[in-house]
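Colleague:
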Amino acid sequence: MDRIIEISSVFVDLFNSSAGSPATADEPTESPIPVQLQELTEDYIQKILTACCSQQGAGISGFQSGPAVGSSGLRVNEFKPNLDWFNCTKPLLFNKDLKGKLVLLDFFTYCCVNCLHILPVLHKLQQQFTHKDGLVIVGVHSAKFPNEQQSVNVQHAIEKYSIEHCVVNDTDGTMWNDLAVCCWPTLVLIGPNGEPMLMIQGEEFHSQLLPTFIETALQILRQASMISSHDIPEIIPGRNTLAQSLPPSIQPSPIKQHLLYPGKVFAYTKKL
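Here full-length UniProt numbering is used: position 267 in the sequence shown is 267, and no number is missing along the way.
1. Just to confirm, are Leu187 and Ile200 a CB contact at a threshold of 8 Å?
2. Given a threshold of 16 other Cβ atoms within 10 Å of its Cβ, counted over all protein chains shown, does Gln56 qualify as buried or as exposed?
3. Since Pro196 is in the beta strand (DSSP E), which residue starts that stretch and which ends it?
4. Which residues in the same chain have their Cβ closer than 6 Å to the Cβ of Ser61, if we skip the five residues on either side of it in sequence?
5. Are Lys99 and Leu135 touching if we call contact CB-CB under 8 Å?
6. Is it true that the stretch 201-212 meets the stretch 120-135, where meeting means three or more beta-carbon pairs spaced less than 8 Å apart?
7. So what does DSSP say about Cys115, is it helix, strand or coil?
8. Pick helix, strand or coil for Phe266, following the three-state DSSP scheme.
9. What did DSSP end up calling Pro192 once you bin it into helix, strand or coil?
10. Give the list of continuous beta strand (DSSP E) stretches no shorter than 3 residues that lie fully inside the stretch 126-179.
11. Report the three-state DSSP secondary structure of Met1 (helix, strand or coil).
12. Take the Cβ of Arg3 as the centre, count every other Cβ of all protein chains shown within 10 Å, and call the residue buried at 16 or more, exposed below.
In structure tokens form, the structure reads like this:
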């Protein structure tokens, strides 16, 4: 994984400098993707897939041995069993539900303002690339403080910030450790057979980076018949795997209310 982190960092820096614009991830642009960025991304993807194939998974912490893009390679472990999942009715498995998909893992914690800045980016990606297109976004809640480990608090945050993609509360940070994540937020793109393809640390990356990378990766992998168009009906905003155990006061509401988690009070001349 160290090699993946190293070449990901080089690619992100090179992409940001080649893009030539100061636009950051929270400043989306609709301009066409320049040819040099497209070629840079294609070259990186081919190299990262080759790197994944050349490594042996056995004995490497956080990974299992198994097929990647070639005859051998690395694939990320499944999430631990019995974790609480949100916006879905059952846990998602890499070797079943997510097989044949690009999976964007967003390592975040709800008290991190930088993590909140990433949410509009993820929402836009979710609109641009559907599950049938081949992209699935999974938020991996990785708590910094003990109170952030509680699933009830995570549920509140998901409703407060209108998070619609699937979220898992990784209370022990197992996936965080498996992928050698070290800061919030961190985005990790996992390939269709569970191979790590890209890691982005922090929120300072060019607005074209993720859309360019995902679109290019989908094209390359689709041409190799590695992307599946199967739907994932289990991902339903407002549903979760612990709904029956939550108290009625925090059960997901099917109707959004105007006073859901208000943050300010405006005073008129005669009334609040």
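Glycine is no exception: its CB is placed at the ideal position from the N, C-alpha and C atoms.
Modeller: For this structure:
1. Counted from its first residue, the sequence shown places residue 187 at position 187. Counted from its first residue, the sequence shown places residue 200 at position 200. For the 8 Å CB-CB criterion, Leu187 and Ile200 form a contact.
2. For the purposes of this step, residue 56 is identified with residue 56 of the sequence shown, where counting begins at 1. The predicted model places Gln56 with a pLDDT of 42, which falls under 50 and marks its position as unreliable, so this point remains unresolved.
3. For the purposes of this step, residue 196 is taken as the residue at position 196 of the sequence shown. If you look at Pro196, you'll find it in the beta strand (DSSP E) that goes Pro196 to Gln201.
4. Against the sequence shown, residue 61 aligns to sequence position 61. At Ser61, the pLDDT of 37 sits below 50, so the modelled position is not reliable; the number obtained from the coordinates is stated separately. Excluding five sequence positions before and after Ser61, none of the CB atoms of its chain fall closer than 6 Å to its own CB.
5. If you number the sequence shown from 1, residue 99 lands on position 99. If you number the sequence shown from 1, residue 135 lands on position 135. Using a Cβ distance threshold of 8 Å, Lys99 and Leu135 do not count as a contacting pair.
6. Yes, they touch.
7. Reading the sequence shown from its first residue, position 115 is the one you call residue 115. Here Cys115 sits in helix by DSSP.
8. As a first step, residue 266 is located in the sequence shown; it is residue number 266 there, counting from the start. Here Phe266 sits in coil by DSSP.
9. Position 192 of the sequence shown, counting from 1, holds the residue named residue 192. DSSP places Pro192 in coil when its eight states are reduced to three.
10. Secondary structure in the stretch 126-179: the beta strand (DSSP E) runs of 3 residues or longer, each lying completely within the stretch, are 135-141 and 166-169 in chain order.
11. Residue mapping note: residue 1 aligns to position 1 of the sequence shown, counting from 1. Here Met1 sits in coil by DSSP.
12. Position 3 of the sequence shown, counted from the first residue, corresponds to residue 3. It is exposed - the Cβ of Arg3 has fewer than 16 other Cβ atoms within 10 Å.
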